[in-house]
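Q: Structure in structure tokens, see below.
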Amino acid sequence: MSKRVSTASIKQSIVVEAPIEHAFKVFTEDFGSFKPREHNLLSVPIAETVFEPRVGGHVYDRGVDGSECRWARVLAFEPPNRVLLSWDISPRWQIESDPDKTSEWEVRFIAETPSRTRLELEHATSNVMGKVGKACAMELMAIRVGRSI
Amino acid sequence: MAKDSAQLAALGDPTRRRIFELVGARPRTVVEITRELTVSQSAVSQHLKVLRESRLVRAEPKGASNIYHIDPAGLGQMRAWLDRFWRSTLAAYKVAVEKSVEEK
Numbered sequence: 001m002s003k004r005v006s007t008a009s010i011k012q013s014i015v016v017e018a019p020i021e022h023a024f025k026v027f028t029e030d031f032g033s034f035k036p037r038e039h040n041l042l043s044v045p046i047a048e049t050v051f052e053p054r055v056g057g058h059v060y061d062r063g064v065d066g067s068e069c070r071w072a073r074v075l076a077f078e079p080p081n082r083v084l085l086s087w088d089i090s091p092r093w094q095i096e097s098d099p100d101k102t103s104e105w106e107v108r109f110i111a112e113t114p115s116r117t118r119l120e121l122e123h124a125t126s127n128v129m130g131k132v133g134k135a136c137a138m139e140l141m142a143i144r145v146g147r148s149i
Numbered sequence: 001m002a003k004d005s006a007q008l009a010a011l012g013d014p015t016r017r018r019i020f021e022l023v024g025a026r027p028r029t030v031v032e033i034t035r036e037l038t039v040s041q042s043a044v045s046q047h048l049k050v051l052r053e054s055r056l057v058r059a060e061p062k063g064a065s066n067i068y069h070i071d072p073a074g075l076g077q078m079r080a081w082l083d084r085f086w087r088s089t090l091a092a093y094k095v096a097v098e099k100s101v102e103e104k
């Protein structure tokens with residue numbers, strides 16, 4: 001049915017003028033400062049996004065009313081080289097706790113020079129595009145428009 | 001971009017999201033979809049029309065009725081959205097990290 005849809009991972013990379021340790025630190029500690037705010041499962045605006053820097057930690061959005069949405073779990077935390085996280089958003093616009101229905105995203109940090117770092121991001125979309133996940137990523141789209149209209 | 005917005009808007013409605021999920025699980029007819037929901041068949045038809053127009057589902061005639069499938073071309077656009085999500089996140093990250101280096 002959906003054979004023509006690419007199920008390859010989304011892969012992106014970016015080079016930043018920063019030492020690898022600093023690049024890793026900013027990505028994890030300041031994640032909430034640059035993640036687009038319109039990606040929001042809460043019913044209220046996001047006050048902050050928190051990235052808990054340890055395996056078993058979560059990435060969560062905290063709303064202005066104190067409500068929380070934990071939408072990713074930290075699966076690997078290897079400073080300054082790598083983080084691996086889950087993407088826990090279900091087709092029902094809720095947090096998905098069944099690991100078979102979530103996808104994963106990974107960021108690798110590679111020192112190109114002492115002051116320059118390359119980030120390689122890979123979002124394994126096989127689940128996102130899979131039988132359940134199809135609607136999942138659509139939810140993300142709906143969420144985005146839901147907040148802006 | 002216009003089509004993208006239409007898809008977003010189409011899924012802003014909870015019943016349409018549910019219909020999209022049902023069709024995503026396996027191809028179904030209007031009757032089969034209606035059986036799973038508490039709304040009327042004509043309401044389901046209206047929702048399917050919106051989903052079709054925004055290229056989230058497509059209809060294939062089978063006998064007297066249509067079988068609804070996920071539209072693979074539409075899903076390609078969805079993938080493009082995720083791609084853009086990460087692109088904008090990484091671009092914003094680059095600005096943030098380089099600014100913090102300057103400030104050190």
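Residue numbers (my numbering), protein chains in the order written: chain A, 1 to 149; chain B, 1 to 104. In this text, a Cβ means the ideal position worked out from N, Cα and C, and glycines have one as well. Bear in mind the structure is a predicted one, so any value in this text is a computation, not a measurement.
Residue ranges of each beta strand (DSSP E) run of no fewer than 3 residues wholly in the stretch 45-97 of chain B, ordered along the chain?
A: 57-62 and 65-70
Q: Residues of chain B with CB closer than 8 Å to the CB of A/GLU21, please, in chain order.
A: Chain B residues near A/GLU21: none, gap ~11 Å exceeds 8 Å.
Q: Which residue marks the beginning of the beta strand (DSSP E) containing A/VAL16, and which one marks its end?
A: Note, A/VAL16: beta strand (DSSP E), 10-16.
Q: Verify the CB distance criterion: does B/ARG58 have a CB-CB separation below 8 Å to chain D?
A: You won't find chain D in this structure, because its protein chains are A and B.
Q: Quick check on the DSSP output: the alpha helix (DSSP H) that includes A/VAL26 runs from which residue to which?
A: 20-29 is the span of the alpha helix (DSSP H), which, as asked, contains A/VAL26.
Q: Grab the span of the alpha helix (DSSP H) containing B/THR15 for me, first residue to last.
A: 14-25
Q: Return the Cβ separation of A/PHE109 and A/PHE51 in integer angstroms, given the expectation that the two are a contact with Cβ distance under 8 Å.
A: Their Cβ separation, rounded to whole angstroms, is 15 Å, which puts A/PHE109 and A/PHE51 out of contact at 8 Å.
Q: Quick one: residues in its chain with C-beta nearer than 7 Å to the C-beta of A/ARG92, no 5 flanking neighbours on either side, listed in chain order?
A: The pLDDT assigned to A/ARG92 is 40, lower than 50, so where the model puts this residue is not dependable, and the model offers no usable value.
Q: With a 10 Å radius around its C-beta and 16 neighbouring C-beta atoms as the bar for buried, classify B/ASN66 as buried or exposed.
A: buried
Q: Just to confirm before moving on: does the CB-CB distance between A/LEU75 and A/VAL59 stay below 8 Å?
A: For A/LEU75 and A/VAL59, no; Cβs fall outside 8 Å.
Q: Could you tell me the distance, in whole angstroms, from the CA atom of A/GLY56 to the CA atom of A/SER103?
A: Approximately 16 Å, taken between the alpha carbons.
Q: Quick check on this structure: which residue in B/GLU36, B/LEU37, B/VAL44 and B/TRP86 has the alpha carbon closest to the alpha carbon of A/GLU120?
A: B/TRP86
Q: Give every residue of the same chain whose Cβ lies closer than 6 Å to the Cβ of A/ARG62, excluding the five residues on either side of it in the sequence, and list them in chain order.
A: Excluding its 5 nearest sequence neighbours in each direction, A/ARG62 has C-beta neighbours in its own chain below 6 Å: ALA47, GLU48 and GLU68, listed in chain order.
Q: Taking C-beta pairs closer than 9 Å, name the residues in chain B that A/ASP30 reaches, listed in chain order.
A: TYR93, ALA96, VAL97 and SER100
Q: List the residues of chain B whose Cβ lies closer than 7 Å to the Cβ of A/SER33, in chain order.
A: ALA96
Q: Which partner residues does A/GLU78 have in the DSSP bridge list?
A: A/ARG82
Q: Where B/ARG35 and B/ASP83 are concerned, what is the direct C-alpha to C-alpha distance, given to the nearest angstrom?
A: 36 Å
Q: State buried or exposed for A/ARG37, treating a residue as buried only when at least 16 other CB atoms are found within 10 Å of its CB.
A: exposed
Q: Below 8 Å on C-beta distance, what does A/ILE14 contact in chain B?
A: Going along chain B in sequence order, the residues near A/ILE14 (Cβ under 8 Å) are LEU90, ALA91, TYR93 and LYS94.
Q: Measuring CB to CB, does A/VAL64 end up less than 8 Å from A/VAL83?
A: Between A/VAL64 and A/VAL83, the gap from beta carbon to beta carbon reaches 8 Å or more.
Q: Quick check on the DSSP output: the alpha helix (DSSP H) that includes B/GLU32 runs from which residue to which?
A: 30-35
Q: B/VAL39 and B/TYR68: beta carbons closer than 8 Å?
A: no
Q: Can you tell me the Cα-Cα spacing of B/GLN46 and B/SER54, whole angstroms?
A: B/SER54 has its alpha-carbon roughly 13 Å from the corresponding atom of B/GLN46.
Q: Kindly indicate which residue of A/LYS11, A/TRP87 and A/PHE27 has the alpha-carbon position closest to the one of B/LYS99.
A: A/PHE27
Q: Cβ closer than 8 Å: which chain B residues qualify as neighbours of A/VAL26?
A: TYR93, ALA96, VAL97 and SER100
Q: Assign A/SER67 to one of three DSSP states: helix, strand, or coil.
A: It is coil, neither helix nor strand.
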